[in-house]
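Input: a single structure, listed below in structure tokens.
Residue numbers (UniProt numbering): 1 to 784.
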């Protein structure tokens with residue numbers, strides 16, 4: 001078993017070493033485990049001789065998709081990789097062989113086409129083979145999508161007893177390509193039960209310093225850092241990195257001094273980097289790291305820490321809401337999404353999502369709602385159901401760490417719900433009721449709360465992941481219960497030290513002018529220690545009370561938020577809720593496909609179709625693009641908006657054909673991932689965005705030979721070509737393709753992009769423009 005309480009040195013780059021040995025473009029590196037195991041073993045031995053404690057098996061890209069390309073059985077490929085690593089180690093004490101697993105190369109739904117549970121099985125196949133072959137632990141590395149990483153962790157937990165380490169690759173702005181934040185990664189992975197976490201690839205050690213410090217400040221787990229050898233540069237036709245082994249080793253020493261436990265190298269690092277790092281960190285002891293308990297839940301990009309009064313929106317619960325009930329029965333998901341968006345805009349920080357009706361498939365509806373809501377808002381969710389089956393299905397596919405509503409003091413509930421929360425990395429909300437119902441006095445509710453906390457901790461949950469709802473009764477029927485609820489909240493806070501949640505509006509059923517009772521009850525509950533009211537964020541009186549409470553409880557520094565909201569104006573009255581269809585720009589910006597299509601149809605009665613495209617759809621997408629580039633939205637929201645724009649454009653297409661006599665598909669562009677590179681996630685995203693800016697896109701796929709690009713350009717008459725490369729080893733192939741284009745298709749302009757590309761590498765390849773992301777590709781394509 002790997003030792004977690006000592007400093008361990010991981011090896012360096014496998015790809016860099018294979019490139020030095022002349023690996024041919026298009027070769028599946030993992031196939032060499034079977035066809036050339038001696039070459040792989042020799043690389044492992046070089047790293048061991050340099051002082052590496054951990055050897056990563058050559059299995060990073062081994063999955064069913066790669067195996068199919070190589071024409072090889074996956075289990076054989078994986079087992080050979082692990083056994084080769086073990087053979088190189090040869091039983092040496094203190095040396096470990098890791099089953100190395102990277103992203104599968106497909107995008108998960110709803111942003112892509114890969115279902116979550118299929119992704120779990122893709123990783124499970126690798127994990128079963130690697131575990132059986134004798135790996136010491138599992139390393140999940142270089143992930144940029146937290147959702148895919150969660151699928152991989154679940155696959156590991158369900159198919160292997162081995163410890164799991166997990167790392168993600170971050171951009172310089174502190175988020176991943178898919179928009180995951182450092183803190184969301186830490187919160188999600190800790191809750192899922194990994195043994196260590198951290199960051200690898202994408203950047204050099206200097207650029208990783210602020211990201212590593214954020215990780216260390218957020219986690220109590222051992223941290224793993226594997227930087228690249230700096231940033232890639234092209235010299236004399238060869239890709240190199242801009243950090244020397246000496247500079248690399250010095251940076252690694254600083255990381256260890258600050259508390260990083262496990263270190264190693266990623267792209268561009270060689271045995272020399274590892275050898276110098278070994279000597280530089282020799283004799284260093286693990287630094288003590290103390291982090292305070294962290295309350296909270298998260299989406300991939302947003303953490304809600306419950307460190308101040310936190311508003312949980314209540315409107316996505318069909319109880320007493322006829323319009324929502326009708327929408328659920330009609331499977332009108334756009335209605336659900338509009339409600340979620342409206343609650344976010346009105347100030348909710350968490351959304352309670354309950355799809356419980358007796359005449360619908362609640363597990364299916366709740367999991368679908370969670371998946372779709374997470375595509376249009378970054379607010380964390382509270383999964384609300386009395387059905388354990390619905391809770392488990394939704395918790396499994398939730399992206400991040402949710403709050404489960406709920407468990408209670410009944411033995412059956414504790415035995416059923418708590419294992420779900422533990423397995424899927426959830427916080428849990430406990431209701432103070434049991435087999436005898438809801439106690440009338442506060443002390444009895446405290447006793448149930450104590451029982452829930454004890455059972456939850458015994459099930460493996462941390463105390464900071466346990467929330468308690470002391471339950472609000474209707475005062476028109478039980479006048480003494482409001483006081484008992486407030487007393488119970490105070491006792492729970494004092495005796496158990498957990499966060500408290502309360503559905504406030506229950507108090508006023510059967511009384512006139514309910515908002516008056518509700519906001520007064522809210523104020524009294526907050527004074528008693530309530531942390532998170534479940535309420536209607538559109539109720540002006542309630543939101544005013546929350547804003548005022550944050551000032552009075554010293555949660556709003558210098559009353560800044562309060563002054564910004566209410567300074568110079570009287571408190572706003574609650575606006576009447578209207579269910580009018582949104583304008584097309586709003587529908588596109590929020591990713592509402594059905595609403596965008598309806599709005600486009602309505603506009604056709606007022607404007608010609610081309611005017612709708614030019615005056616409505618394109619400006620809306622431009623705004624979305626700016627929001628994406630500024631970090632206000634992330635990739636899933638960008639794709640959802642593009643899909644909404646596409647739905648609107650499809651409504652207009654028939655009219656455009658009538659008006660012009662052709663399909664009006666716009667300017668033509670050929671796109672491809674270059675020969676030898678089998679990664680096409682970024683290229684696929686570019687395709688979606690280009691199509692919604694009215695480009696006619698011919699997508700040649702991945703691993704495309706130069707001659708195939710030339711043939712497509714000649715056949716389509718395209719004047720633009722977009723080329724993608726994710727690996728430094730395929731930049732040469734990109735250059736070869738562009739040189740052939742210059743000779744045989746003069747006048748054609750070329751845009752290039754990809755994870756490893758820089759302005760310098762784009763210039764080396766001979767491109768006309770370098771695009772850092774999909775929106776920049778659109779701007780370059782328009783200008784060219």
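Glycine is no exception: its CB is placed at the ideal position from the N, C-alpha and C atoms.
query, result
"Close Cβ partners of residue 342 (< 6 Å) along its chain, the five nearest in sequence each way excluded", "none"
"Chain-order list of residues whose beta-carbon lies under 8 Å from that of residue 574 (same chain, five-residue window excluded)", "With a pLDDT of only 47 at residue 574, under 50, the local geometry of the prediction cannot be trusted, and no value is derived from it."
"Proximity of residue 375 and residue 772 at Cβ, strictly below 8 Å", "no"
"In DSSP terms, what residue 769 is bridged to", "751"
"Which of helix, strand or coil DSSP assigns to residue 667", "coil"
"Close Cβ partners of residue 121 (< 8 Å) along its chain, the five nearest in sequence each way excluded", "155"
"Whole-angstrom distance between residue 452 and residue 731, CA atom to CA atom", "57 Å"
"Cα-Cα separation, residue 565 to residue 543", "11 Å"
"Endpoints, alpha helix (DSSP H) assigned at residue 241", "It is not in any alpha helix (DSSP H) - residue 241 instead sits in the beta strand (DSSP E) that spans 238–241."
"Candidates 255, 366, 558 and 628: closest to residue 331 by CA position", "366"
"CA-to-CA distance, residue 73 to residue 9, given in whole angstroms", "32 Å"
"Own chain, CB closer than 8 Å to residue 517, minus 5 neighbours either side, in chain order", "475, 507, 508 and 511"
"Per-residue DSSP class, three states only, for residue 577", "Its pLDDT being 47, under 50, residue 577 is placed unreliably in this model, and the coordinates cannot settle the point."
"Segment contact flag, the segment 40–47 with the segment 101–116, C-beta cutoff 8 Å, min 3 pairs", "no"
"C-beta contact flag for residue 149 and residue 100 at 8 Å", "no"
"Under 8 Å between C-beta atoms of residue 353 and residue 369", "yes"
"Proximity to residue 113 [Cα-Cα], best of 681, 782 and 752", "681"
"Those residues which DSSP pairs with residue 405 across a bridge", "384 and 429"
"Distance between beta carbons of residue 168 and residue 401, contact taken as under 8 Å", "Not confirmed; about 15 Å, so no contact."
"Whole-angstrom distance between residue 357 and residue 324, CA atom to CA atom", "10 Å"
"Cβ distance (whole Å) where residue 703 is taken to contact residue 737 below 8 Å", "Not confirmed; about 12 Å, so no contact."
"Nearest candidate by alpha-carbon position, reference residue 58, set 201, 71, 81 and 76", "81"
"Close Cβ partners of residue 2 (< 7 Å) along its chain, the five nearest in sequence each way excluded", "96, 136, 137 and 163"
"Beta-carbon proximity check, residue 197 vs residue 223, cutoff 8 Å", "yes"
"Whole-angstrom C-beta distance between residue 48 and residue 88, which should lie under 8 Å", "6 Å"
"Neighbour flag for residue 43 against chain D, beta carbons, 8 Å", "No chain D appears in this structure, which consists of one protein chain only."
"Same chain, Cβ closer than 6 Å to residue 111, five either side skipped, listed in chain order", "636 and 639"
"Reduced DSSP category for residue 662 - H, G, I as helix; E, B as strand; rest coil", "For residue 662, the pLDDT reaches just 49, beneath the cut-off of 50, and the residue's location in the model is therefore unreliable, although a value from the coordinates is still provided. Residue 662 falls in the coil class under three-state DSSP."
"Cα-Cα separation, residue 779 to residue 720", "13 Å"
"Euclidean distance between Cα positions of residue 617 and residue 436", "58 Å"
"Rounded straight-line distance, which links the Cα of residue 499 to that of residue 551", "19 Å"
"Residue 717 versus 524, 279 and 749, residue with shortest Cα-Cα distance", "749"
"Residue 459, DSSP secondary structure in three states", "coil"
"Expected contact under 8 Å - CB spacing of residue 116 and residue 85 to nearest Å", "Incorrect: roughly 30 Å between the Cβ atoms, too far for contact."
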